[in-house]
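Chains as they are written, first to last, in our numbering: chain A, 1 to 116; chain B, 117 to 233.
Single-structure report; data block below.
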């Protein structure tokens, strides 16, 4: 069985603060994929990043960075110098690597509020 | 812009009254998915179409049906909505070559929020 835990239900920060969203996952698959999606108030889920289980390199994209650590089964997401437009619900998700494993297992989401 | 469009954005129905939600896409993606997202919960996959092949998740209630008349459109039919079916319904698409796998990146629509009175 697969499971994704996002222990932080809601985080509130002031603009320009750095914030880290935690994600811990469980899977028995040796090949798997991890994702982060952003859900702004408008409702659509927006893809941010995908990592496969064999690529533990951290990634940086502008103000966003991701830290993948297989040893602790974590895939944390950091926003540097947060902005009001970053306010959204962020979902971490996991899927198995085998063919036919089409369902994403989402965490329960972390609501980020960035105050001006 | 190419996108996934869901209609209506908000739907109110009465207990037991059938409802249909629609999804259209201009991405020419061959896979279309329907997810259910209840308040403050994670999205949950109901089913997906790979081209014309329908794939139901094992725990999707029979009350939920889907139709895909062509590549661009997919419909979600709820035959007899109950109070527990009130949720946001998210349509997503993906371009898949070969078989559907966990690597696929999904493009989501803005969702249809269903209220059941």
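Built from N, CA and C at the ideal position, the CB exists for glycine as well.
Subject >> Segment contact, 8 angstroms Cβ cut-off, at least three pairs: the region 35-48 of chain A with the region 138-146 of chain B >> reply: no
Original post:
Does DSSP classify residue 182/B as helix, strand or coil?
Top reply: strand
Subject >> CB contact below 8 angstroms: residue 181/B versus chain A >> reply: no
Subject >> Neighbour list for residue 42/A in chain B, Cβ cutoff strictly below 8 angstroms >> reply: 226
Original post:
In its own chain, which residues sit with a C-beta less than 7 angstroms from the C-beta of residue 130/B, not counting the 5 before and 5 after it?
Top reply: 233
**OP:** From the DSSP output, read off the bridge partner residues of residue 204/B.
**Re:** 153/B and 229/B
Original post:
Shorter than 8 angstroms from the beta carbon of residue 87/A to some beta carbon of chain B?
Top reply: no
Subject >> Reduced DSSP secondary structure (H/G/I, E/B, other) of residue 101/A >> reply: In this prediction, residue 101/A has a pLDDT of 48, which is less than 50 and means its spatial position is unreliable; nothing more can be read from the coordinates.
**OP:** Please name the residue, chosen from 7/A, 108/A and 1/A, that lies closest to residue 152/A on a Cα-to-Cα basis.
**Re:** The structure shown does not extend to residue 152/A, since chain A is modelled only from 1 to 116, so the question has no answer here.
Subject >> For residue 179/B, the nearest candidate out of 168/B, 196/B and 167/B (CA to CA) >> reply: 196/B
Original post:
What did DSSP end up calling residue 222/B once you bin it into helix, strand or coil?
Top reply: coil
Original post:
Are any of the Cβ atoms in chain A nearer than 8 angstroms to that of residue 124/B?
Top reply: no
**OP:** Would you mind working out which of 4/A, 5/A, 9/A and 19/A sits nearest residue 115/A, comparing C-alpha positions?
**Re:** 19/A
**OP:** Examine chain A for any beta-carbon lying closer than 8 angstroms to the beta-carbon of residue 233/B, and answer yes or no.
**Re:** no
Subject >> Residues of the region 123-148 of chain B with Cβ closer than 7 angstroms to any Cβ of chain A, in chain order >> reply: none
Original post:
When the distance is taken between beta carbons, is residue 203/B closer than 8 angstroms to residue 154/B?
Top reply: yes
Subject >> Residues near residue 126/B by beta carbon distance below 7 angstroms, same chain, minus five either side >> reply: 229
Original post:
What residues in its chain sit with their C-beta under 7 angstroms from that of residue 172/B, if we drop five residues either side in the sequence?
Top reply: 163
**OP:** Could you confirm whether any beta carbon from chain B is found closer than 8 angstroms to the beta carbon of residue 25/A?
**Re:** no
**OP:** Let me know if residue 60/A comes out buried or exposed under the rule of 16 or more other beta-carbons within 10 Å of its beta-carbon.
**Re:** exposed
Original post:
Residues of chain A with a CB under 9 angstroms from the CB of residue 222/B: which are they?
Top reply: 35, 37, 45, 47 and 104
Subject >> Unbroken beta strand (DSSP E) run spanning residue 193/B, endpoints >> reply: 189-194
Subject >> Beta-carbon proximity check, residue 87/A vs residue 48/A, cutoff 8 angstroms >> reply: no
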